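In my numbering, the protein residues as written are 10 to 533.
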């Protein structure tokens, strides 16, 4: 019997992910690009509708106010996505709303000075303007850290080993947006999960005109089928005698978006009035901006892998964070009730379709802007029941998490040091935020509960985020525990090639600015 070769037992590490149909700078035909862009737009609707639907009623807003916030959020998402793909990291990432801002925004909503306002509409407007002011001030943190290249300096302490828990928990940390919400309406959630998996994976080799149509458009196909199925269940009265939570999650006529939406409405800055500024509100929002920065850093690295690009150099990553800060400033100016971060689900869709094209994402940004102005048409798509999105999240969040785990190939996992760091960071990254969530649900406030509200908001926001907890633990351990003699085990020789823009020739191919702007902003 012939001796087994080592290369037959393992797979060599690869700088770029293989098997994608189109990478960051290549695109399918224009017809396919438009259809794929529309698919990314549909996926982005989940978060864009969910966040205002949760917050606006608590602020005293009406269904009409909710529709306006959804439209405004989509409009700003489109602008931020275009800006990020043109002048930021240039990765194919949708810049959407962020759940990281929920803690400080909820704190603003429950501010006694605002909660005591009796008129619901006045309370809504006053709360909206307070959130706007906090977002405008807090956005300066990302703008400064990004454009000053401070975040680029900080990223030099990141290794492949330290990034594994962060990127993995960008996906795994959103588990409460997955099957937990599918369970709110299993009648449509589970069929959606099964159908999407079957079409995207088991039928992916089925070609139409030599094109893998089912693999590329599995999300669109399964969403249309289950949406029609959900509409039929609603029409025949399947939920008449169910509780209100089930009816709200399952019925297709409960969102009240279409009836409340205007035919044409163009969002504009300060349409809710002049923002108000409060130091306590601003400080809590700063924590959310920092969380958004960490989560986006992990998502950018995952997106680079799924776009078959090299990891973004420190200069490019910091540039993207700076433009993301501008995006949060726009969130505050327009009044979107949330800040900006990379849409994790859309990053996962890059892998599911095996198309990491930048142009596809830019087309999706066009759909966001277009349908945000045509209120009735946008509201029609936005009325898709949320369990349909949650079912897709179960697949796409898991895919992003597995991309994070794939960075282990550049490290030595036969090292007890590396096993310790990876395991502890992953476990605490899940366990600590879960403790904060459980404590809050029982006590009505977070574990940090002092007389200083700004301090409470800051700590509770930081430790509600799985990727942020993982970053703190993994980077600290990785840079303090036997770090002098473990560079190779940590994967630093491989990582070092991508730290500087000019170290690898492929960087200019993937990350150079358009219109030859690198002449005026030379990369470091």
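Glycine included, C-beta positions come from ideal geometry on N, C-alpha and C.
Treat the numbers as computed from the prediction; the structure is a model and nothing was measured.
So, does the stretch 303-311 touch the stretch 405-417, judging by three or more C-beta pairs under 8 Å?
yes
Q: May I have a chain-ordered list of the alpha helix (DSSP H) segments no shorter than 4 residues that lie completely inside the stretch 232-314?
A: 253-259, 266-269
*asked:* Buried or exposed for residue 211, going by 16 or more other Cβ atoms inside 10 Å?
replied: exposed
Fill in: Of the residues 455, 438, 522, 302, the one placed nearest residue 483, counting alpha carbons only
438
field: Of the residues 488, 478, 181, 454, the one placed nearest residue 119, counting alpha carbons only
entry: 454
ask   = Excluding the five sequence neighbours on either side, which residues of its own chain have a C-beta within less than 6 Å of the C-beta of residue 89, listed in chain order?
value = 104, 336, 349
* For the stretch 303-372, which segments carrying the beta strand (DSSP E) assignment without a break, of at least 3 residues, lie completely within its bounds, in sequence order? -> 349-351
Would residue 314 and residue 52 be called neighbours here (beta carbons separated by less than 8 Å)? no
Margin query: Buried or exposed, going by whether 16 or more other CB atoms sit within 10 Å of the CB of residue 466?
Written below: buried
| For residue 375: DSSP bridge partner residues | Bridge partners of residue 375: none, in fact.
query = Touching or not, the stretch 383-398 and the stretch 267-276, by the rule of three or more beta carbon pairs under 8 Å?
reply = yes
Task: Other residues of its chain near residue 141: CB distance less than 6 Å, five sequence neighbours each side excluded - done: 284, 341, 344
query: Is the beta carbon of residue 476 less than 8 Å from the beta carbon of residue 175?
result: yes
| Cut-off 7 Å between Cβ atoms - residues of its own chain near residue 420, not counting five sequence neighbours on either side | 169, 170, 427, 498, 499, 500
Would you say residue 373 reaches chain B, if we count a Cβ-Cβ gap shorter than 8 Å as a contact? Considering every chain present, this structure includes no chain B. It has just one protein chain.
- Task: Below 8 Å on the Cβ atoms is my guess for residue 132 versus residue 73; work out the distance and round it to an integer in Å.
- Result: At roughly 15 Å, the Cβ-Cβ gap does not stay under 8 Å, so residue 132 and residue 73 are not in contact.
task = Have a look at residue 262 and residue 108 and give me their C-alpha separation to the nearest angstrom.
result = 25 Å
Drop a sphere of 10 angstroms on the beta-carbon of residue 355, count the other beta-carbons inside from all chains shown, and report buried for 16 or more, exposed for fewer. buried
Nonlocal neighbours in the same chain, by C-beta distance under 8 Å from residue 445, ignoring five residues either side: 455, 456, 469, 472, 473
- Which two residues bound the contiguous alpha helix (DSSP H) that contains residue 162? 159-163
Handout entry: Whole-angstrom distance between residue 177 and residue 489, CA atom to CA atom
Key = 22 Å
*CB-CB length for residue 48 against residue 215, believed under 8 Å*: That pair is no contact at about 18 Å.
message: To the nearest angstrom, how far is the alpha carbon of residue 485 from that of residue 179?
response: 18 Å
- request: Note down, in chain order, each residue of its chain lying with its Cβ closer than 8 Å to the Cβ of residue 526, except the 5 sequence neighbours on either side.
  value: 96
With residue 351 and residue 102 assumed to form a contact (beta carbons below 8 Å), what rounded beta-carbon distance in angstroms separates them?
5 Å
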